[in-house]
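Undergrad:
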Amino acid sequence: MSALGLLRRAALLLAVPALLVAAWWLLTAGSTDFFWPPLSQILGAFDDTWFHGRFTRDVLPSVGRLLAGYLLALVIGVGLGTAIGSVRTLRALLEPVLEFFRAIPPPVLVPILMLFAGIGTGMKILVIVSGCVWPVLLNTVEGVRALDEVLGDTARCYRMRPHSRYVHLVLRGASPQIAAGARQALSIGIILMVISEMFAAGDGVGFTIVQFQRGFAIPQMWTGIILLGLIGVVLSLLFQLVESWALRWYTGLRGSEREG
207 MSALGLLRRA ALLLAVPALL VAAWWLLTAG STDFFWPPLS QILGAFDDTW FHGRFTRDVL
267 PSVGRLLAGY LLALVIGVGL GTAIGSVRTL RALLEPVLEF FRAIPPPVLV PILMLFAGIG
327 TGMKILVIVS GCVWPVLLNT VEGVRALDEV LGDTARCYRM RPHSRYVHLV LRGASPQIAA
387 GARQALSIGI ILMVISEMFA AGDGVGFTIV QFQRGFAIPQ MWTGIILLGL IGVVLSLLFQ
447 LVESWALRWY TGLRGSEREG
């Protein structure tokens with residue numbers, strides 16, 4: 207891509223955020239409402255609020271718990287999803303149970319998980335896992351179900367080893383669906399990270415935002431909301447980089463099909 211194309215793409219990506227920030231700045235410039243302070247006041251409090259002790263005490267533990275729960279959900283979802291998707295009888299047996307548990311909102315499980323796992327880090331990670339695992343699991347099942355049966359017959363004819371068949375046929379063939387589920391799970395994980403930290407926590411971004419709200423530190427509370435948005439943007443960009451690397455064969459195939 208040329209330099210002009212890169213500049214045009216960057217301008218398109220930044221146009222809407224820039225317009226929203228400018229509108230927020232102008233609409234709140236003369237605000238005297240206690241609950242809607244000017245954006246300039248919020249941004250002025252951002253550095254003092256988060257980068258003088260709270261970054262290592264609150265932000266890093268939150269991100270660490272999010273990544274731990276998210277990665278654990280990926281392992282569980284992909285492992286169970288490939289097994290369920292590969293065995294028709296197992297899929298028919300477990301599908302009603304999966305639909306039942308998927309319909310339960312993960313925040314409802316927080317009090318139950320607190321009873322069994324306490325109020326420490328383990329409970330917060332379990333809350334994240336309980337919500338992130340379902341998009342990954344169900345998309346993996348659908349991705350494995352959609353594999354071409356001819357490819358499976360070809361693998362059996364060539365007597366591929368089970369490990370090679372699992373890695374090069376099942377996982378690779380279902381990887382676009384798995385990536386779609388992983389993307390959904392990431393946004394769910396950020397929400398559950400905040401919710402889990404609002405229950406009997408002593409640190410974390412969610413805990414700190416609640417403390418600001420209870421102490422009527424409104425500009426600081428708004429900085430926490432902005433920080434959560436920035437964390438989401440950074441994680442989304444990182445996910446896109448990993449996805450583009452892992453699915454480069456798929457994007458190349460789709461591109462060649464469109465050109466053909």
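The sequence shown begins at 207 in our numbering and counts up by one. All C-beta atoms in this analysis are idealised placements derived from N, C-alpha and C, irrespective of residue type, glycine included.
1) Quick one: is Ile-431 buried, meaning 16 or more other Cβ sit within 10 Å of its Cβ, or exposed?
2) Evaluate Ala-216 with the Cβ neighbour count: other Cβ atoms within 10 Å of its Cβ, from every protein chain shown; 16 or more gives buried, anything less gives exposed.
3) Quick check: what's the CA-CA separation for Ala-361 versus Arg-371?
4) Quick check on the burial criterion: 16 or more other C-beta atoms within 10 angstroms. Buried or exposed for Gln-446?
5) Taking the alpha-carbon of Ala-407 as reference, which of Ile-248, Leu-392 and Val-316 has the nearest alpha-carbon?
6) What residue range is occupied by the uninterrupted alpha helix (DSSP H) comprising Phe-252?
7) Any idea if Ser-381 is buried or exposed, counting beta-carbon neighbours within 10 angstroms, 16 or more meaning buried?
8) Tell me the rounded alpha-carbon separation between Ala-221 and Tyr-364.
9) I'd like to check one pair, Ala-391 with Pro-425: are the Cβ atoms closer than 8 Å?
10) Among Ile-325, Leu-444 and Ala-251, which one has its Cα closest to the Cα of Arg-389?
11) Does the segment 403 to 422 come close enough to the segment 278 to 294 to have 3 or more Cβ pairs within less than 8 Å?
12) Helix, strand or coil for Ala-309 per DSSP?
TA: In brief:
1) Stepping through the sequence shown from its first residue, residue 431 is reached at position 225. Label assigned to Ile-431: exposed.
2) The residue you call residue 216 lines up with position 10 of the sequence shown. Counting Cβ neighbours within 10 Å, Ala-216 comes out exposed, since fewer than 16 surround it.
3) Indexing the sequence shown from 1 puts residue 361 at position 155. Indexing the sequence shown from 1 puts residue 371 at position 165. Rounded to whole angstroms, Ala-361 to Arg-371 spans 7 Å at the Cα level.
4) For the purposes of this step, residue 446 is identified with residue 240 of the sequence shown, where counting begins at 1. The residue in question, Gln-446, is exposed, as its Cβ has fewer than 16 Cβ neighbours within 10 Å.
5) As a position in the sequence shown, residue 407 is number 201, starting the count at 1. For Ala-407, the nearest C-alpha among the options comes from Val-316.
6) Walking along the sequence shown from the start, residue 252 turns up at place 46. It spans 245 to 256 - the alpha helix (DSSP H) in which Phe-252 sits, taken as one unbroken run.
7) In the sequence shown, residue 381 corresponds to position 175, counting from 1. Ser-381 is buried by the Cβ-count criterion.
8) Position 15 of the sequence shown holds residue 221. Position 158 of the sequence shown holds residue 364. Rounded to the nearest whole angstrom, the CA to CA distance from Ala-221 to Tyr-364 is 53 Å.
9) Here residue 425 refers to the residue found at position 219 when the sequence shown is read from its first residue. Here residue 391 refers to the residue found at position 185 when the sequence shown is read from its first residue. In this structure, Ala-391 does not lie closer than 8 Å to Pro-425 by Cβ.
10) Indexing the sequence shown from 1 puts residue 389 at position 183. Checked all of Ile-325, Leu-444 and Ala-251; the closest Cα to Arg-389 is Leu-444.
11) The segment 403 to 422 and the segment 278 to 294 do not touch, with fewer than 3 CB-CB distances between them shorter than 8 Å.
12) Walking along the sequence shown from the start, residue 309 turns up at place 103. Under the three-state reduction of DSSP output, Ala-309 falls in the coil class, being neither helix nor strand.
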